[in-house]
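Chemist:
There are 2 protein chains.
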Amino acid sequence: MAECEHVHEGPAGLTGRDLNHALSQADDRCARAGERMTQPRRRALALLLEAGRPMKAYDLIDIFGEDGRAAKPPTVYRALDFLSRQGLAHRIESLNAYVACEMGERRHAAAFLICDCCGATEEIEPFAPERVQAAAADAGYLIDRVTIEAHGRCPACL
Amino acid sequence: MAECEHVHEGPAGLTGRDLNHALSQADDRCARAGERMTQPRRRALALLLEAGRPMKAYDLIDIFGEDGRAAKPPTVYRALDFLSRQGLAHRIESLNAYVACEMGERRHAAAFLICDCCGATEEIEPFAPERVQAAAADAGYLIDRVTIEAHGRCPACL
DNA sequence: CGATGCGTGTTATAATGTATCGTTGCTTCT
DNA sequence: AGAAGCAACGATACATTATAACACGCATCG
Ligand SMILES: [Zn+2]
Ligand SMILES: [Zn+2]
Ligand SMILES: [Zn+2]
Ligand SMILES: [Zn+2]
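So, in structure tokens, the structure goes:
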């Protein structure tokens, strides 16, 4: 997002039927987990799914209202925290951004490939989780959450 | 740093002779790299080495002046950026904090074990770098920087 | 000597994230 | 139905984290 000025139209996010389907699945998943998919939570997830790429909290805040009005920060931060807890979205620490989970069912650890040129990201399976545990065990640590974020260039940015 | 309220005296950082030695090594390393170890850069590194644990930028800002006066934010952020570029310190994204590099010579990729109870961190060798490259290659990405931060409990915090 | 590059100091401001409090709307119990 | 308990919400204010912009000093190089 800094170095080259290629502009690639990203793969874009979900729209129409696909979007509604994904939201319905999220509804189901919350219901099964005994959690409440409220209006602001659903709206935040919809925005992330539509975007199809990492979004900053304040980008969401600016476009949150269906009527074009901005939301108050706590509204969006609370929704994003909820979505992260449920595994419906992930926070990308190195970008201060959030992205809808692309890996379907179940809460899970995630890892990301991130293009520093165009901002595209790809969620991948965390590699070598057993090696993490081994390294932690060597040092006597008990690990419950691992952040893995690999920065570079996507295929389109060479 | 949130859940349990144990207070463990951390392993603490460097002092006296050890501190001066580490700073001299950093001086040498910059000289060899053709970079300038200026006063604010050296001061920032000294504070990180003394602390021996991750420090927030504004914690450094508050104690930056030898005379007890605070520094201006850009002074410290620039110094931290420099130290990160040289591999003399690392930024920990999930904490918004910085820590002196514990792995001696050469710029290198890093990984961290982080105790969410007491704030202790341990720099470890990044695990499975070949698997990162493989995963990236599968997706067509070319990676140049990987963030790995494992959160949990240190031995002292159970 | 300019001219260029790099680092600094300073001011101001931008971007990101939380604390708190009163209200609302369920669910559960009586 | 009514009351109590709880989770989420909306709003205000505030805290924390980070950068932009510009003037200056001081080296290096033609
Ligand atoms: Zn996911
Ligand atoms: Zn790209
Ligand atoms: Zn290191
Ligand atoms: Zn600990």
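Protein sequences appear in the order of chains U and F. My numbering numbers the first residue of the first sequence as 1 and each following residue consecutively. My numbering numbers the first residue of the second sequence as 1001 and each following residue consecutively. Here a beta-carbon is modelled for each residue, glycine too, at the ideal position from N, C-alpha and C.
Which partner residues of U:Leu-142 appear in the DSSP bridge assignment?
Modeler: Counting from one through the first sequence, the residue named residue 142 of chain U turns up at place 142. F:Arg-1153, per the DSSP bridge assignment.
Chemist: DSSP three-state label for U:Cys-101, please.
Modeler: Against the first sequence, residue 101 of chain U aligns to sequence position 101. It is coil, neither helix nor strand.
Chemist: With DSSP collapsed to three states, give me the class of F:Phe-1112.
Modeler: The sequence position of residue 1112 of chain F within the second sequence is 112, counting from 1. In this structure, F:Phe-1112 counts as strand in the three-state DSSP scheme.
Chemist: U:Glu-121 by DSSP, collapsed to three states: which one?
Modeler: Within the first sequence, the letter at position 121 stands for residue 121 of chain U. Note that residue 121 of chain U corresponds to Thr in the displayed sequence, not to Glu. Strand at U:Thr-121.
Chemist: Three Cβ pairs or more, each shorter than 8 Å: is that satisfied between the segment 1119–1132 of chain F and the segment 1141–1153 of chain F?
Modeler: yes
Chemist: At a CB-CB cut-off below 8 Å, which residues of chain F make contact with U:Ser-94?
Modeler: Locating residue 94 of chain U in the first sequence gives position 94, counting from the first residue. Taking a Cβ-Cβ cut-off of 8 Å, the neighbours of U:Ser-94 in chain F comprise Glu-1093 and Thr-1147, given in sequence order.
Chemist: Hey, quick one: how far does the beta strand (DSSP E) through F:Ala-973 stretch, first residue to last?
Modeler: Outside the displayed range of chain F (1001 to 1158) lies residue 973 of chain F, so it cannot be described from this structure.
Chemist: As a quick check of your reading: which residues have a C-beta less than 7 Å from at least one non-hydrogen atom of ligand 1, in chain order?
Modeler: With the cut-off at 7 Å, the residues found are U:Gly-87, U:His-90, U:Cys-101, U:Glu-102, U:Met-103, U:His-108, U:Ala-110 and U:Glu-123.
Chemist: Quick check: the Cα distance between U:Arg-41 and U:Cys-115, rounded to an integer number of angstroms?
Modeler: Start at 1 with the first residue of the first sequence, and residue 41 of chain U comes out as number 41. Start at 1 with the first residue of the first sequence, and residue 115 of chain U comes out as number 115. So the two alpha carbons sit approximately 28 Å from each other.
Chemist: Using a C-beta to C-beta distance shorter than 7 Å, which residues of chain F count as neighbours of U:Val-99?
Modeler: Against the first sequence, residue 99 of chain U aligns to sequence position 99. Neighbours of U:Val-99 on chain F: none; closest Cβ ~15 Å, over 7 Å.
Chemist: So, F:Gly-1013 versus F:Leu-1060, is the Cβ gap smaller than 9 Å?
Modeler: For this step, residue 1013 of chain F is matched to residue 13 along the second sequence. For this step, residue 1060 of chain F is matched to residue 60 along the second sequence. In this structure, F:Leu-1060 does not lie closer than 9 Å to F:Gly-1013 by Cβ.
Chemist: For F:Thr-1147, write down the residues that DSSP places opposite it in a beta bridge.
Modeler: Locating residue 1147 of chain F in the second sequence gives position 147, where the first residue counts as 1. In DSSP, F:Thr-1147 forms a bridge with U:Glu-149.
Chemist: Taking the runs of the alpha helix (DSSP H) that are 4 residues or longer, which of them lie wholly in the segment 1024–1077 of chain F?
Modeler: Within the segment 1024–1077 of chain F, the runs of alpha helix (DSSP H) at least 4 residues long that lie entirely inside it are, in chain order, 1039–1051 and 1057–1063.
Chemist: Does the Cβ of F:Ser-1094 have 16 or more other Cβ atoms within 10 Å, making it buried, or fewer, making it exposed?
Modeler: Here residue 1094 of chain F refers to the residue found at position 94 of the second sequence. By the neighbour-count rule (16 or more Cβ atoms within 10 Å), F:Ser-1094 is buried.
Chemist: Does the CB of U:Leu-113 have a neighbour CB from chain F at under 9 Å?
Modeler: To locate residue 113 of chain U, count along the first sequence from 1; it is residue 113. By this cut-off, U:Leu-113 is an interface position.
Chemist: Can you tell me which of the three DSSP states U:Ala-12 falls into?
Modeler: Counting from 1 along the first sequence, the entry for residue 12 of chain U is found at position 12. It is coil, neither helix nor strand.
Chemist: What residues in the segment 45–79 of chain U bring their beta carbon closer than 7 Å to a beta carbon of chain F?
Modeler: none
Chemist: Check each residue of the segment 1120–1139 of chain F: if its Cβ is closer than 7 Å to any Cβ of chain U, include it; give the result in chain order.
Modeler: Glu-1122, Ile-1124, Phe-1127, Ala-1128, Arg-1131, Val-1132, Ala-1135, Ala-1136 and Ala-1139
Chemist: Report all residues from its chain with a CB closer than 6 Å to the CB of F:Glu-1102; omit the five preceding and five following residues, and keep chain order.
Modeler: If you number the second sequence from 1, residue 1102 of chain F lands on position 102. Closer than 6 Å at Cβ, skipping near neighbours: Glu-1123.
Chemist: What in chain U is Cβ-close to F:Cys-1154, meaning under 9 Å?
Modeler: Looking up residue 1154 of chain F in the second sequence gives position 154. The contacting residues are Ala-139, Gly-140, Tyr-141 and Leu-142.
Chemist: Using a 10 Å radius around the Cβ and a threshold of 16 neighbouring Cβ atoms, would you call F:Thr-1121 buried or exposed?
Modeler: Here residue 1121 of chain F corresponds to residue number 121 of the second sequence, with the count starting at 1. Its Cβ being crowded by 16 or more others within 10 Å, F:Thr-1121 is buried.
Chemist: Taking three-plus beta-carbon pairs below 8 Å as touching, is the segment 1018–1025 of chain F in contact with the segment 1052–1071 of chain F?
Modeler: no
Chemist: Kindly list, in the order they appear in chain U, the residues whose Cβ is closer than 8 Å to that of F:His-1151.
Modeler: Mapped onto the second sequence, residue 1151 of chain F falls at position 151. Ile-143, Asp-144, Arg-145, Val-146 and Thr-147, listed in chain order.
Chemist: Should U:Arg-153 be listed as close to ligand 2, given that the test is whether its C-beta is under 8 Å from any heavy atom?
Modeler: On the first sequence, position 153 is the one that residue 153 of chain U refers to. For ligand 2, at least one heavy atom lies less than 8 Å from the Cβ of U:Arg-153.
Chemist: Verify the CB distance criterion: does U:Leu-83 have a CB-CB separation below 9 Å to chain F?
Modeler: In the first sequence, residue 83 of chain U corresponds to position 83, counting from 1. Not one beta carbon of chain F lies nearer than 9 Å to the beta carbon of U:Leu-83.
Chemist: Sorted by chain position, which residues of the same chain lie with C-beta nearer than 7 Å to U:Met-37's C-beta, five sequence neighbours on each side aside?
Modeler: By 1-based counting over the first sequence, the position of residue 37 of chain U is 37. The residues are Ala-26, Asp-27 and Cys-30.
Chemist: Using DSSP with H/G/I as helix, E/B as strand and the rest coil, what is U:Phe-82?
Modeler: Residue mapping note: residue 82 of chain U aligns to position 82 of the first sequence, counting from 1. In the structure shown, U:Phe-82 sits in a helix (DSSP, three-state: H, G or I).
Chemist: Go through its chain and collect everything with a Cβ distance to U:Ile-143's Cβ below 8 Å, but skip five positions before and after it.
Modeler: Along the first sequence, one-based indexing puts residue 143 of chain U at 143. Answer for U:Ile-143: Val-132, Gln-133 and Ala-136, listed in chain order.
Chemist: Mind checking if U:Leu-158 is an interface residue toward chain F, Cβ cutoff 9 Å exclusive?
Modeler: Taking the first residue of the first sequence as 1, we reach residue 158 of chain U at position 158. Cβ-Cβ to chain F under 9 Å: yes for U:Leu-158.
Chemist: With hydrogens ignored, establish whether the beta-carbon of F:Gly-1119 is closer than 8 Å to any heavy atom of ligand 4.
Modeler: As a first step, residue 1119 of chain F is located in the second sequence; it is residue number 119 there, counting from the start. Yes, the Cβ of F:Gly-1119 comes within 8 Å of a heavy atom of ligand 4.
Chemist: How big is the Cα-Cα spacing for U:Val-99 and U:Ala-57?
Modeler: What you label residue 99 of chain U is simply residue 99 of the first sequence in a count that begins at 1. What you label residue 57 of chain U is simply residue 57 of the first sequence in a count that begins at 1. Their backbone Cα atoms lie some 10 Å apart in a straight line.
Chemist: Confirm the yes/no value for this check: CB of U:Cys-157, any heavy atom of ligand 4, distance under 8 Å.
Modeler: Walking along the first sequence from the start, residue 157 of chain U turns up at place 157. No, ligand 4 has no heavy atom inside 8 Å of this Cβ.
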